[in-house]
Each structure stands twice: as structure tokens, then as C-alpha cells.
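Heads up, the thing below is written out as C-alpha cells.
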Amino acid sequence: MPTRVARSQDLPVRKHFKASFSELWRDEIGGWAIRLSLILFVFLVFLIIVSAWRLPPEIPLLYSRPWGNAQLLPASFLFLVAGLVVLLVSLNGFLSGVFFPVEPLLARIVAWAGVLTIFLVDITVLRVLLIVI
0 MPTRVARSQD LPVRKHFKAS FSELWRDEIG GWAIRLSLIL FVFLVFLIIV
50 SAWRLPPEIP LLYSRPWGNA QLLPASFLFL VAGLVVLLVS LNGFLSGVFF
100 PVEPLLARIV AWAGVLTIFL VDITVLRVLL IVI
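Take 0 as the starting number for the sequence shown in numbering that gives the first Met the number 0 and just add one per residue.
Structure follows, in C-alpha cells:
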């Protein structure tokens, strides 16, 4: 059986992603989730940049480890956290945009789950910064 090579018209994700994402952006529920994700990301970056010059060389980021030096990581790992949040916002926006034309409810759930995750990351980073500053 010969294999078929995928062409661009066979990939509706690539062709219609921009249109479906703009639909999601205009959606009352999903649009708020995407906007709130971006606002929370900007808040996280603002927190890290404002406090970066006052941070000690090591900060306690690994709460699951025993108390003491095992919890400490270099302060530059906060930028890694911000990078992971960028990845999360991008992935959630992409998945929500892909799912929205087919399953709007699933797209909204994915978008709001991302908001919740980013909110919890913001709270964690804020708590770490309040401990060390």
C-alpha cells in the first residue's frame, strides 16, 4: 500500500489556525482566558525583573525537598520559570485555537486550565520573592 504525502490543504490545523484563534480571541469566555493568561505572564515577568537585582545568589524553589540547602537553586532559575510559562501560554493558545472550531467547550477548559496554572505559578514566585527579599 503506497504511503500518501501530506499536502498543505490536507492539514486544516495549519490552514485555519489563525481564523480559529481569532474566533477564540473574540469568544466571550475563551477570549478572557487567553487575555488573562497574557496579563498574568506580564505580571510574572514584572515581578522577576523588579526583584532581580535584590535577590540573593540562591533562592528556595524546590519545596518538595528537605529543608535547607536541598531546596536552593540559583536565582537565575526564575527566568527558567518565566520561560516555561511562555511555553505554557503558547501551547494553551495553540491547543485552544485548534480545538475551538470543533469543540468550543474543550478549548475553553484548556484555556482556563492554563490561566489557573499560570496563576498558581505567579503565587509561588511571589511567595518565594517575599521570603528572600
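All residues carry an ideal CB built from backbone N, CA and C; glycine is no exception.
Legend entry - Inter-residue spacing [alpha-carbon to alpha-carbon] between PHE42 and ASP121: 8 Å
Legend entry - SER19 versus GLY67: straight-line alpha-carbon distance, rounded: Roughly 49 Å separates the two Cα atoms.
Inset, instruction - Taking 8 Å as the threshold, find out whether the region 29-38 comes into contact with the region 78-94 through three or more Cβ pairs. - result: At 8 Å Cβ cutoff, the stretches touch.
Legend entry - Test item: CB-CB of PHE76 and LEU61 under 7 Å: no
Inset, instruction - Starting from the C-beta of GLY96, find all residues in its chain whose C-beta is less than 7 Å away, skip the five residues before and the five after it, and write them out in chain order. - result: PHE16, SER19, PHE20 and LEU23
Legend entry - Environment of ILE130 [buried if 16+ CB atoms lie within 10 Å]: exposed
Inset, instruction - Kindly give me the distance between the Cβ atoms of GLU57 and LEU71, rounded to whole angstroms, as I take these residues to be in contact under 8 Å. - result: Correct: roughly 4 Å between the Cβ atoms.
Legend entry - Opposing strand residues paired with GLU57 [DSSP bridges]: GLU57 is bridged to PRO73.
Legend entry - For ALA112 and PHE134, the rounded distance between their alpha carbons: Residue numbering for the chain in the displayed model covers 0 to 132; residue 134 lies beyond these limits and cannot be assessed.
Inset, instruction - Measure the alpha-carbon distance for VAL114 versus GLY92 and round it to whole angstroms. - result: 11 Å
Inset, instruction - Please check the pair VAL124 and VAL80, which I expect to be a contact at CB under 8 Å, by giving their CB distance rounded to whole angstroms. - result: 6 Å
Inset, instruction - Just tell me which of LEU128, PRO73 and THR116 has its CA closest to the CA of PHE40. - result: Minimum Cα distance to PHE40 is reached at THR116.
Inset, instruction - Please work out which residues of its chain come closer than 6 Å, Cβ to Cβ, to ARG107, disregarding the five sequence neighbours upstream and downstream, and give them in chain order. - result: Closer than 6 Å at the Cβ level, and outside the excluded window around ARG107, lie ILE28 and GLY29.
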